[in-house]
(Lines of atoms letter the chains of each structure in order from A and count residues from 1; the text may use other names and numbers.)
(Lines give C-alpha, C1' and ligand atoms only; values in the text may rest on other atoms or scores of the structure.)
Protein backbone atom coordinates (compact mmCIF):
# COMPACT_ATOMS: atom_id res chain seq x y z
CA UNK A 1 0.00 0.00 0.00
CA UNK A 2 1.37 3.34 -0.99
CA UNK A 3 1.09 6.33 1.33
CA UNK A 4 0.99 9.65 -0.37
CA UNK A 5 3.12 12.39 1.09
CA UNK A 6 2.44 16.09 0.74
CA UNK A 7 4.92 17.83 -1.40
CA UNK A 8 6.30 21.03 0.15
CA UNK A 9 6.85 23.64 -2.45
CA UNK A 10 9.71 26.12 -2.05
CA UNK A 11 7.24 28.86 -1.22
CA UNK A 12 5.73 26.83 1.62
CA UNK A 13 9.16 26.02 2.99
CA UNK A 14 10.07 29.72 2.88
CA UNK A 15 6.87 30.69 4.73
CA UNK A 16 7.59 28.01 7.36
CA UNK A 17 11.06 29.45 7.96
CA UNK A 18 9.66 32.97 8.24
CA UNK A 19 7.01 31.82 10.72
CA UNK A 20 9.62 30.17 12.94
CA UNK A 21 11.74 33.33 12.88
CA UNK A 22 8.71 35.46 13.69
CA UNK A 23 7.83 33.28 16.69
CA UNK A 24 11.44 33.43 17.88
CA UNK A 25 11.50 37.23 17.62
CA UNK A 26 8.14 37.46 19.37
CA UNK A 27 9.46 35.39 22.24
CA UNK A 28 12.54 37.61 22.54
CA UNK A 29 10.32 40.70 22.45
CA UNK A 30 8.11 39.23 25.18
CA UNK A 31 11.13 38.62 27.40
CA UNK A 32 12.35 42.19 26.85
CA UNK A 33 8.97 43.66 27.74
CA UNK A 34 8.75 41.39 30.76
CA UNK A 35 12.17 42.59 31.91
CA UNK A 36 10.91 46.14 31.86
CA UNK A 37 7.65 45.44 33.66
CA UNK A 38 8.33 42.62 36.09
CA UNK A 39 10.17 42.74 39.43
CA UNK A 40 13.63 41.22 39.34
CA UNK A 41 12.74 38.36 41.68
CA UNK A 42 9.78 37.33 39.49
CA UNK A 43 11.79 37.64 36.29
CA UNK A 44 14.59 35.50 37.67
CA UNK A 45 12.17 32.70 38.46
CA UNK A 46 10.62 32.92 34.99
CA UNK A 47 14.00 32.78 33.28
CA UNK A 48 14.98 29.75 35.32
CA UNK A 49 11.73 28.06 34.34
CA UNK A 50 12.26 28.94 30.69
CA UNK A 51 15.69 27.35 30.85
CA UNK A 52 13.99 24.18 32.05
CA UNK A 53 11.58 24.26 29.16
CA UNK A 54 8.74 26.07 30.91
CA UNK A 55 7.92 29.70 30.27
CA UNK A 56 5.01 31.73 31.52
CA UNK A 57 4.27 35.28 30.47
CA UNK A 58 1.87 35.91 33.36
CA UNK A 59 3.63 38.64 35.32
CA UNK A 60 1.62 40.46 37.93
CA UNK A 61 2.48 44.14 38.22
CA UNK A 62 1.17 44.23 41.78
CA UNK A 63 4.15 42.12 42.79
CA UNK A 64 6.40 45.18 42.96
CA UNK A 65 8.14 45.26 46.37
CA UNK A 66 7.49 47.80 49.07
CA UNK A 67 10.44 50.15 48.56
CA UNK A 68 10.27 51.30 52.19
CA UNK A 69 11.54 47.85 53.16
CA UNK A 70 14.37 47.66 50.65
CA UNK A 71 17.96 47.74 51.95
CA UNK A 72 18.77 51.14 50.46
CA UNK A 73 15.72 52.71 52.15
CA UNK A 74 16.75 51.27 55.50
CA UNK A 75 20.29 52.46 54.90
CA UNK A 76 19.00 55.94 54.14
CA UNK A 77 17.06 56.01 57.39
CA UNK A 78 20.10 54.83 59.32
CA UNK A 79 22.20 57.46 57.60
CA UNK A 80 19.80 60.22 58.65
CA UNK A 81 19.75 58.90 62.20
CA UNK A 82 23.53 58.82 62.25
CA UNK A 83 23.75 62.40 60.99
CA UNK A 84 21.29 63.49 63.66
CA UNK A 85 23.24 61.64 66.35
CA UNK A 86 26.52 63.17 65.22
CA UNK A 87 24.97 66.65 65.18
CA UNK A 88 23.57 66.17 68.67
CA UNK A 89 26.90 64.95 69.98
CA UNK A 90 28.68 67.93 68.43
CA UNK A 91 26.15 70.27 70.06
CA UNK A 92 26.57 68.71 73.49
CA UNK A 93 30.34 68.79 73.23
CA UNK A 94 30.37 72.45 72.22
CA UNK A 95 28.01 73.44 75.02
CA UNK A 96 30.11 71.49 77.50
CA UNK A 97 33.30 73.24 76.41
CA UNK A 98 31.59 76.62 76.55
CA UNK A 99 30.22 76.05 80.07
CA UNK A 100 33.38 74.44 81.45
CA UNK A 101 35.42 77.42 80.31
CA UNK A 102 32.88 79.96 81.54
CA UNK A 103 32.58 78.49 85.05
CA UNK A 104 36.04 76.95 85.39
CA UNK A 105 34.75 73.42 85.91
CA UNK A 106 35.96 70.03 84.73
CA UNK A 107 34.66 69.01 81.31
CA UNK A 108 33.52 65.54 82.44
CA UNK A 109 31.42 66.96 85.26
CA UNK A 110 29.81 69.61 83.10
CA UNK A 111 29.11 67.02 80.42
CA UNK A 112 26.96 65.11 82.91
CA UNK A 113 24.84 68.20 83.53
CA UNK A 114 24.46 68.77 79.80
CA UNK A 115 23.43 65.15 79.21
CA UNK A 116 20.84 65.29 82.01
CA UNK A 117 19.40 68.51 80.62
CA UNK A 118 19.09 67.06 77.12
CA UNK A 119 17.49 63.89 78.47
CA UNK A 120 14.88 65.81 80.45
CA UNK A 121 14.09 68.18 77.58
CA UNK A 122 13.50 65.21 75.27
CA UNK A 123 10.64 64.08 77.53
CA UNK A 124 8.78 67.39 77.38
CA UNK A 125 7.07 69.65 74.88
CA UNK A 126 8.10 73.29 74.69
CA UNK A 127 11.24 72.90 76.80
CA UNK A 128 14.66 72.91 75.17
CA UNK A 129 17.84 71.65 76.86
CA UNK A 130 19.36 75.12 76.51
CA UNK A 131 16.58 76.55 78.67
CA UNK A 132 17.23 74.05 81.45
CA UNK A 133 20.97 74.71 81.31
CA UNK A 134 20.40 78.47 81.33
CA UNK A 135 18.31 78.16 84.50
CA UNK A 136 21.10 76.14 86.13
CA UNK A 137 23.57 78.89 85.25
CA UNK A 138 21.38 81.60 86.70
CA UNK A 139 20.36 79.69 89.81
CA UNK A 140 23.60 78.07 90.91
CA UNK A 141 26.44 78.84 88.46
CA UNK A 142 26.51 75.06 87.92
CA UNK A 143 27.32 74.31 91.57
CA UNK A 144 25.47 71.13 92.54
CA UNK A 145 25.77 71.48 96.33
CA UNK A 146 24.88 75.12 96.81
CA UNK A 147 21.99 76.01 99.14
CA UNK A 148 20.28 79.37 99.58
CA UNK A 149 19.14 80.89 102.87
CA UNK A 150 15.58 80.05 101.83
CA UNK A 151 16.39 76.35 101.55
CA UNK A 152 16.69 76.14 97.76
CA UNK A 153 19.12 73.38 96.86
CA UNK A 154 21.27 72.19 94.01
CA UNK A 155 21.74 73.12 90.39
CA UNK A 156 18.21 74.41 89.76
CA UNK A 157 17.65 75.63 93.34
CA UNK A 158 14.64 73.53 94.24
CA UNK A 159 12.97 73.95 97.63
CA UNK A 160 12.08 70.51 98.90
CA UNK A 161 9.22 71.51 101.21
CA UNK A 162 7.39 73.09 98.28
CA UNK A 163 7.94 70.23 95.85
CA UNK A 164 8.30 67.19 98.06
CA UNK A 165 5.74 65.23 96.05
CA UNK A 166 8.14 65.22 93.11
CA UNK A 167 10.83 63.36 95.05
CA UNK A 168 11.17 60.03 96.80
CA UNK A 169 12.21 60.23 100.48
CA UNK A 170 15.58 58.66 99.67
CA UNK A 171 16.40 61.15 96.92
CA UNK A 172 18.64 64.16 97.45
CA UNK A 173 18.37 67.47 95.63
CA UNK A 174 22.16 67.66 95.77
CA UNK A 175 22.21 64.79 93.28
CA UNK A 176 22.53 66.54 89.89
CA UNK A 177 20.37 64.03 88.06
CA UNK A 178 17.57 64.24 90.63
CA UNK A 179 17.77 68.02 90.83
CA UNK A 180 17.58 68.52 87.07
CA UNK A 181 14.67 66.11 86.82
CA UNK A 182 12.67 67.84 89.55
CA UNK A 183 13.58 71.32 88.32
CA UNK A 184 12.39 70.34 84.85
CA UNK A 185 9.15 68.99 86.33
CA UNK A 186 8.56 72.33 88.05
CA UNK A 187 9.32 74.30 84.89
CA UNK A 188 6.96 72.11 82.86
CA UNK A 189 4.22 72.61 85.46
CA UNK A 190 4.66 76.39 85.47
CA UNK A 191 4.74 76.49 81.68
CA UNK A 192 1.39 74.74 81.54
CA UNK A 193 -0.08 77.11 84.12
CA UNK A 194 1.22 80.05 82.07
CA UNK A 195 -0.50 78.79 78.94
CA UNK A 196 2.79 78.08 77.20
CA UNK A 197 4.35 81.49 77.92
CA UNK A 198 8.03 81.04 78.79
CA UNK A 199 8.48 84.53 80.27
CA UNK A 200 5.54 83.98 82.63
CA UNK A 201 6.71 80.48 83.57
CA UNK A 202 10.23 81.75 84.29
CA UNK A 203 8.87 84.63 86.32
CA UNK A 204 7.00 82.19 88.53
CA UNK A 205 10.02 79.87 88.74
CA UNK A 206 12.17 82.72 90.05
CA UNK A 207 9.60 84.00 92.50
CA UNK A 208 9.04 87.18 90.45
CA UNK A 209 12.73 88.11 90.42
CA UNK A 210 13.32 91.21 88.32
CA UNK A 211 15.03 90.65 84.96
CA UNK A 212 15.24 86.90 85.56
CA UNK A 213 13.28 85.87 82.48
CA UNK A 214 15.28 88.07 80.09
CA UNK A 215 18.59 86.85 81.50
CA UNK A 216 17.65 83.17 81.20
CA UNK A 217 16.19 83.48 77.71
CA UNK A 218 19.23 85.42 76.50
CA UNK A 219 21.60 82.75 77.79
CA UNK A 220 19.38 80.04 76.34
CA UNK A 221 19.70 81.63 72.91
CA UNK A 222 23.45 81.85 73.34
CA UNK A 223 23.65 78.13 74.13
CA UNK A 224 21.44 77.33 71.14
CA UNK A 225 23.79 79.31 68.90
CA UNK A 226 26.80 77.45 70.28
CA UNK A 227 25.07 74.15 69.50
CA UNK A 228 23.97 75.25 66.03
CA UNK A 229 27.45 76.37 65.02
CA UNK A 230 28.98 73.12 66.26
CA UNK A 231 26.41 71.04 64.38
CA UNK A 232 27.18 72.88 61.16
CA UNK A 233 23.94 74.83 61.08
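Residue numbers (the working numbering): 20 to 252.
Note that beta-carbon positions come from the ideal geometry of N, C-alpha and C, so glycine has one too.
Is the beta carbon of residue 192 sitting closer than 8 Å to the one on residue 201? yes
Assuming contact is defined by CB atoms lying nearer than 8 Å, are residue 220 and residue 206 in contact in what I supplied? yes
Return the bridge partner residues of residue 171 from the DSSP annotation. 178
Are residue 6 and residue 245 touching if we call contact CB-CB under 8 Å? Nothing in the structure corresponds to residue 6, since the chain is present only between 20 and 252.
May I ask you to verify whether the segment 227 to 238 touches the segment 96 to 107, counting CB pairs closer than 8 Å and requiring at least 3? no
Three-state secondary structure (DSSP) at residue 103? helix
If you count every other CB in all the chains shown that lies within 10 Å of the CB of residue 189, and 16 or more means buried, which is it? exposed
Residue 134 and residue 111 closer than 8 Å at C-beta: yes
Near residue 232, what residues of its chain come up, given a Cβ to Cβ distance below 7 Å and the 5 sequence neighbours on each side ignored? 218, 221 and 222
Can you have a look at residue 167 and say buried or exposed, based on whether 16 or more other CB atoms are within 10 angstroms of its CB? exposed
CA nearest to the CA of residue 142, picked from 227, 203, 181 and 185: 203
In this structure, how does DSSP classify residue 124 when only helix, strand and coil are distinguished? coil
Could you please give me the residues that DSSP links to residue 166 through a beta bridge? 172
Span of the alpha helix (DSSP H), counted from its first residue to its last, around residue 204: 195 to 212
Find out if the Cβ-Cβ distance for the pair residue 158, residue 174 is shorter than 8 Å. yes
When you compare only the Cα positions, how much space is there between residue 212 and residue 224? 11 Å
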